[in-house]
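In my numbering, the protein residues as written are 20 to 87.
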């Protein structure tokens, strides 16, 4: 299986959001920050009119833990 290329992002988020995210990740060890951001970003794009099969696949793969 060929691994798709990845891009590294650096983002600033409110501290309260970061603390909530960290708290969630601490109690849900099957999740990590990268997986969470992929799910959140792809869901946002789909909800806002992006109709690309690749985005849907990234969302589903990460949501159910099948991502490469």
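Yeah, the Cβ is synthetic: ideal placement off N, Cα and C, and Gly gets one too.
On a predicted model such as this, the values are computed, not experimentally measured, just so you know.
Item: Beta-carbon proximity check, residue 82 vs residue 58, cutoff 7 Å; Value: yes
Item: Rounded straight-line distance, which links the Cα of residue 69 to that of residue 55; Value: 19 Å
Item: Three-state class that DSSP yields for residue 28 in the structure shown; Value: coil
Item: Euclidean distance between Cα positions of residue 65 and residue 80; Value: 14 Å
Item: Beta-carbon contacts of residue 48 that lie in its chain and below 7 Å, excluding the five residues immediately before and after; Value: none
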